[in-house]
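K.L.:
Residue 292 is where the sequence shown starts when you use the working numbering, and the numbers rise one by one after that. Built from N, CA and C at the ideal position, the CB exists for glycine as well. These numbers come from a predicted model, not from an experiment. Handing you a structure now.
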Amino acid sequence: MLHIRNKISMIYSGFFFMFMQPLDAQTKEFYNIHWEKIDSSDRAAFYRIIEKIDARFKISDYYITNEIHFDGYALNSTNPLILDDTAKYFYKNGGLHIQSLYKKGKRDGFTYHFYPSGKVKSRYHYYQDSLNGEYSSYFPWGETRIMGNYKSNQAIGRYRSYYINGRIELDQEIIDPLNSTLKEYDWTGNLKVNTIIRNGQVLYDSIGHKDVQVKPGIGPPTEKEFFSSNNCTHLDSGNKAFHLFTCRKKFNQFTVCVLKSKQMTNLHTNMKNRIIGDNEIYFLYSTDKNEVSWRMSFSLKEAFRSSILSYFSIIDILESQLFSTAAFTNQKAAEELYKEIYSDFETNSR
Numbered sequence: 292m293l294h295i296r297n298k299i300s301m302i303y304s305g306f307f308f309m310f311m312q313p314l315d316a317q318t319k320e321f322y323n324i325h326w327e328k329i330d331s332s333d334r335a336a337f338y339r340i341i342e343k344i345d346a347r348f349k350i351s352d353y354y355i356t357n358e359i360h361f362d363g364y365a366l367n368s369t370n371p372l373i374l375d376d377t378a379k380y381f382y383k384n385g386g387l388h389i390q391s392l393y394k395k396g397k398r399d400g401f402t403y404h405f406y407p408s409g410k411v412k413s414r415y416h417y418y419q420d421s422l423n424g425e426y427s428s429y430f431p432w433g434e435t436r437i438m439g440n441y442k443s444n445q446a447i448g449r450y451r452s453y454y455i456n457g458r459i460e461l462d463q464e465i466i467d468p469l470n471s472t473l474k475e476y477d478w479t480g481n482l483k484v485n486t487i488i489r490n491g492q493v494l495y496d497s498i499g500h501k502d503v504q505v506k507p508g509i510g511p512p513t514e515k516e517f518f519s520s521n522n523c524t525h526l527d528s529g530n531k532a533f534h535l536f537t538c539r540k541k542f543n544q545f546t547v548c549v550l551k552s553k554q555m556t557n558l559h560t561n562m563k564n565r566i567i568g569d570n571e572i573y574f575l576y577s578t579d580k581n582e583v584s585w586r587m588s589f590s591l592k593e594a595f596r597s598s599i600l601s602y603f604s605i606i607d608i609l610e611s612q613l614f615s616t617a618a619f620t621n622q623k624a625a626e627e628l629y630k631e632i633y634s635d636f637e638t639n640s641r
């Protein structure tokens with residue numbers, strides 16, 4: 292009799308233990324920088340929380356410092372994940388970076404990329420993991436940069452790209468990979484090139500086109516050229532050795548600020564007291580040593596780093612819009628612009 296009671300007690304205890312287990316038990320895994328699974332947190336760069344929910348797994352990946360990296364659902368719990376439903380990737384500061392829709396491991400629906408500011412950077416539409424439907428990308432301030440369409444990963448139909456002043460840069464009609472027409476415009480809206488492709492053969496109807504390339508600098512503009520038709524102002528700091536000439540000109544939602552002085556150190560000193568706006572680019576140059584330098588906001592650096600803005604579009608603005616001359620050091624300007632854009636890339640990319 293005692294033996295039977297012990298058995299009943301064991302069975303009851305087993306059922307009690309089973310029902311006391313949490314229905315949504317979580318598993319924690321650690322990964323190195325290459326997303327290889329490891330046994331402990333000692334060398335981990337990421338960790339993953341896995342939660343079984345019905346027939347799927349809730350996957351939440353974190354940096355080892357506890358910032359969210361990824362959040363979504365999968366049909367399995369080991370790499371490579373077969374994602375299903377909405378998947379989100381995050382910047383290390385917690386801002387949304389990428390959001391995609393998946394169906395049984397394949398992208399199916401819209402995928403969005405975001406700037407660190409939270410504004411939409413680009414939008415693609417997928418069907419069974421192939422680009423199908425509308426595609427668009429945007430400047431950091433929200434205006435349209437590119438609009439187009441895809442079918443089975445091939446661009447098709449109307450494609451348009453825009454300058455930062457809102458004017459059309461490229462206007463293309465794609466019939467198929469062997470047949471299309473392309474019109475290219477300059478910054479001011481004048482037609483530069485009309486390209487026709489028929490059966491794979493390219494025909495050009497060039498209209499006032501000149502190659503965009505870096506030309507060797509031949510010296511900074513004169514004071515007269517600097518002021519020419521630009522509504523520039525002359526500021527004197529009170530120090531006779533420090534004569535500062537400034538010019539501000541707005542292009543749509545984009546402002547170029549040019550500062551000129553004899554010494555670059557004077558310009559750097561002056562910049563310390565300035566707050567750079569989100570859509571401002573400062574171009575600094577000294578006349579004594581023919582030096583140039585740049586300063587700009589992080590959002591504009593993002594635009595350059597994402598190839599949304601072209602280095603040479605800015606160089607062209609300086610040449611044709613601010614100075615009525617090509618006589619300034621645009622070779623150095625391009626080199627220094629590159630340095631400024633990537634100067635803080637490592638610290639601000641996450």
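Taking just the CA atoms, how far does M587 sit from N456?
P.N.:
Within the sequence shown, numbered from 1, the residue matching residue 456 stands at position 165. Within the sequence shown, numbered from 1, the residue matching residue 587 stands at position 296. Approximately 18 Å, taken between the alpha carbons.
K.L.:
Quick one: what does DSSP say T578 is sitting in, helix, strand or coil?
P.N.:
What you label residue 578 is simply residue 287 of the sequence shown in a count that begins at 1. Note: T578 maps to coil in three-state DSSP.
K.L.:
Determine whether the beta carbon atoms of G433 and K397 lie at a separation below 7 Å.
P.N.:
Position 142 of the sequence shown, counting from 1, holds the residue named residue 433. Position 106 of the sequence shown, counting from 1, holds the residue named residue 397. Not in contact: G433 and K397 (Cβ atoms no closer than 7 Å).
K.L.:
Who are the near neighbours of I329 in its chain, counting only those whose CB is closer than 8 Å to its CB and skipping five residues on each side?
P.N.:
Residue 329 sits at position 38 when you count from the first residue of the sequence shown. Within the same chain, I329 has close Cβ partners F321, Y322, N323, A335.
K.L.:
Please report the straight-line C-alpha distance between F589 and L461, rounded to a whole angstrom.
P.N.:
Position 298 of the sequence shown holds residue 589. Position 170 of the sequence shown holds residue 461. If you take the alpha carbons of F589 and L461, they lie about 27 Å apart.
K.L.:
Got a sec, what are the start and stop residues for the beta strand (DSSP E) E358 sits in?
P.N.:
As a position in the sequence shown, residue 358 is number 67, starting the count at 1. Segment: none, E358 is in no beta strand (DSSP E) and carries neither H nor E.
K.L.:
Sort out for me which residues DSSP pairs Q390 with in a bridge.
P.N.:
Here residue 390 refers to the residue found at position 99 of the sequence shown. For Q390, which the question treats as bridged, DSSP gives the partners K379, Y403.
K.L.:
Starting from L482, trace the beta strand (DSSP E) in both directions and tell me its first and last residue.
P.N.:
For the purposes of this step, residue 482 is taken as residue 191 along the sequence shown, with counting starting at 1. Element bounds for L482: 482-489.
K.L.:
Going by alpha carbons, who is nearest to G491 out of L482, V484, G480, I465?
P.N.:
Counting from 1 along the sequence shown, the entry for residue 491 is found at position 200. For the residues L482, V484, G480, I465, the minimum Cα distance to G491 belongs to I465.
K.L.:
Residues in the same chain with beta-carbon distance under 6 Å from I344, minus the five sequence neighbours each way, listed in chain order, please.
P.N.:
Residue numbering aside, residue 344 sits at position 53 when the sequence shown is read from its first letter. For I344, where only same-chain residues beyond five positions count, there are no Cβ hits under 6 Å.
K.L.:
For I660, does the three-state DSSP call read helix, strand or coil?
P.N.:
Because the chain in this structure spans residues 292 to 641, residue 660 falls outside the shown range and cannot be described.
K.L.:
Leaving aside the five residues before and after R436 along the sequence, list all residues of the same chain whose C-beta is less than 7 Å from its C-beta, in chain order.
P.N.:
Residue numbering aside, residue 436 sits at position 145 when the sequence shown is read from its first letter. So the list reads S428, Y429, F430, S452, Y453, I599, once near-sequence residues are dropped.
K.L.:
Please report how far the alpha carbon of I487 lies from the alpha carbon of L473, in whole angstroms.
P.N.:
As a working note, residue 487 is residue 196 in the sequence shown. As a working note, residue 473 is residue 182 in the sequence shown. Rounded to whole angstroms, I487 to L473 spans 6 Å at the Cα level.
K.L.:
Of the choices G448, K412, P407, whose alpha-carbon is the least far from that of G424?
P.N.:
On the sequence shown, residue 424 is found 133 positions in, with the first residue counted as 1. The shortest C-alpha separation from G424 is found at G448.
K.L.:
Examine the Cβ distances between the segment 362-382 and the segment 553-568 and report whether three or more of them are shorter than 8 Å.
P.N.:
No, the segment 362-382 is not in contact with the segment 553-568.
K.L.:
What's the C-alpha gap between D333 and R339?
P.N.:
By 1-based counting over the sequence shown, the position of residue 333 is 42. By 1-based counting over the sequence shown, the position of residue 339 is 48. Spanning the two alpha carbons is a distance of roughly 15 Å.
K.L.:
Using a Cβ-Cβ cut-off of 6 Å (strictly less than) and excluding sequence neighbours within five positions of S413, which residues of its own chain qualify?
P.N.:
Residue numbering aside, residue 413 sits at position 122 when the sequence shown is read from its first letter. Contacts found: H404, S428.
K.L.:
How many Å lie between S351 and C538 at the Cα?
P.N.:
Position 60 of the sequence shown holds residue 351. Position 247 of the sequence shown holds residue 538. If I take the Cα positions, the gap works out to 51 Å.
K.L.:
Note down the Cα distance separating R489 from Q463, rounded to an integer number of angstroms.
P.N.:
Counted from its first residue, the sequence shown places residue 489 at position 198. Counted from its first residue, the sequence shown places residue 463 at position 172. Each residue's Cα considered, the two are about 14 Å apart.
K.L.:
By the DSSP assignment, the alpha helix (DSSP H) with L591 in it spans what residues?
P.N.:
Position 300 of the sequence shown, counting from 1, holds the residue named residue 591. That run of the alpha helix (DSSP H) goes 589-596.
K.L.:
Please report the straight-line C-alpha distance between S331 and Y353, rounded to a whole angstrom.
P.N.:
Mapped onto the sequence shown, residue 331 falls at position 40. Mapped onto the sequence shown, residue 353 falls at position 62. Between S331 and Y353, the C-alpha separation is close to 15 Å.
K.L.:
Within this structure, are the beta carbons of Y418 and Y441 separated by less than 7 Å?
P.N.:
The residue given as residue 418 occupies position 127 in the sequence shown. The residue given as residue 441 occupies position 150 in the sequence shown. Going by C-beta atoms, Y418 is not nearer than 7 Å to Y441.
K.L.:
At which residues does the beta strand (DSSP E) containing L473 begin and terminate?
P.N.:
Within the sequence shown, the letter at position 182 stands for residue 473. Unbroken beta strand (DSSP E) run through L473: 470-476.
K.L.:
On a CA-only basis, which of W585, D467, L392 is nearest V547? Give me that one, please.
P.N.:
Residue mapping note: residue 547 aligns to position 256 of the sequence shown, counting from 1. It is W585.
K.L.:
Kindly indicate which residue of R458, Y476, D477, N444 has the alpha-carbon position closest to the one of L467.
P.N.:
As a working note, residue 467 is residue 176 in the sequence shown. This sequence places Asp at residue 467; Leu is not what is there. Cα-wise, what sits closest to D467 is N444.
K.L.:
Since G480 and R458 should fall inside the 8 Å C-beta cutoff, what is the C-beta to C-beta distance between them, to a whole number of angstroms?
P.N.:
Counted from its first residue, the sequence shown places residue 480 at position 189. Counted from its first residue, the sequence shown places residue 458 at position 167. Going by Cβ atoms, the distance from G480 to R458 rounds to 5 Å, so yes, they are a contact pair.
K.L.:
Under 8 Å by Cβ, that's how I've got L550 and L575 pegged, so tell me the actual separation to the nearest angstrom.
P.N.:
Start at 1 with the first residue of the sequence shown, and residue 550 comes out as number 259. Start at 1 with the first residue of the sequence shown, and residue 575 comes out as number 284. Correct: roughly 5 Å between the Cβ atoms.
K.L.:
I'd like the list of long-range same chain contacts for D477, defined as Cβ closer than 7 Å, with 5 residues on each side in sequence excluded.
P.N.:
In the sequence shown, residue 477 corresponds to position 186, counting from 1. Excluding sequence neighbours, D477 sits near K483.
K.L.:
Could you please give me the residues that DSSP links to Q317 through a beta bridge?
P.N.:
As a working note, residue 317 is residue 26 in the sequence shown. For Q317, which the question treats as bridged, DSSP gives the partners E342.
K.L.:
So the candidates are F401, N384, H360, V583; which of them puts its Cα closest to the Cα of W326?
P.N.:
Taking the sequence shown and counting its residues from 1, the one referred to as residue 326 is at position 35. Taking only the C-alpha atoms, the option nearest W326 is H360.
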